[in-house]
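Protein chains in written order, with this note's numbering: chain H, 49 to 162; chain E, 0 to 109. Where a beta carbon is used, it is the ideal one built from N, C-alpha and C, also for glycine. Working notes for the structure below.
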């Protein structure tokens, strides 16, 4: 299994508070991704990174920011959490060669915003 | 707009029979298609893929078929086993990004 950990695994917070989720990899993969999974929506890309300090937006990036200061860590921040951000968040990594882009997923973080 | 569609939210199949999961897409420029499997409280795991230049790929009990003219792909699992009970996501790749369908929950009945 690819070495990907997410912390925390569960978090309950209140509306308006800042929240940071961490993804850590030991595979030295270049690409890292943050997704959210919601019933009826599958997995939706929030932000992704193609290298240290290189990030870009996904399809549901509003209300989220990311940072990647080291290859192994990719942080997802909710500056002011809202109830609509209650979800399960998955980090993924890939080491793209050519056009093949298999992604390995972390175990997920369940976030509840009250 | 949904570029990758899995129109069946759930599917129940008898153990030992064939499971067929379907997926439709709208963008003819997708390069690769993948299937991911997800158990509760775990991240998705890669199952099988197919390039847009092929029409079939087989890996053990799992076969993916691609019909480009119909913009349709399907995953066949034969024979179905209890451990196959999970949510299956169809996904497509274009420009280094993966677009996932909403998933189909497969129940394998004893």
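Only residues of its own chain outside the window of five on either side were considered, and among them 74, 87 and 103 have a CB closer than 6 Å to the CB of residue 20 (chain E), listed in chain order. When the alpha-carbon of residue 151 (chain H) is set against those of H:108, H:158 and H:77, the nearest one is in H:77. Comparing alpha carbon positions, the residue from H:116, H:54 and H:124 closest to residue 66 (chain H) is H:124. Separation of the CB atoms of residue 23 (chain E) and residue 93 (chain E) is rounded to 16 Å, and the pair is thereby denied contact status at 8 Å. The beta-carbon of residue 138 (chain H) is placed less than 8 Å from the nearest beta-carbon of chain E. Straight across, the Cα-Cα distance linking residue 143 (chain H) with residue 102 (chain H) is about 15 Å. With its beta carbon less than 8 Å from one in chain E, residue 155 (chain H) belongs to the interface. It is roughly 9 Å from the alpha-carbon of residue 78 (chain E) to the alpha-carbon of residue 61 (chain E). When the Cα atoms are used, residue 63 (chain H) and residue 32 (chain E) turn out to be separated by approximately 38 Å.
Chain E places no beta carbon closer than 8 Å to that of residue 72 (chain H), leaving this residue out of the contacts. Among the residues of the segment 62-94 of chain H, those with a Cβ less than 7 Å away from any Cβ of chain E are 88, 89, 90, 91 and 93, in the order of the chain.
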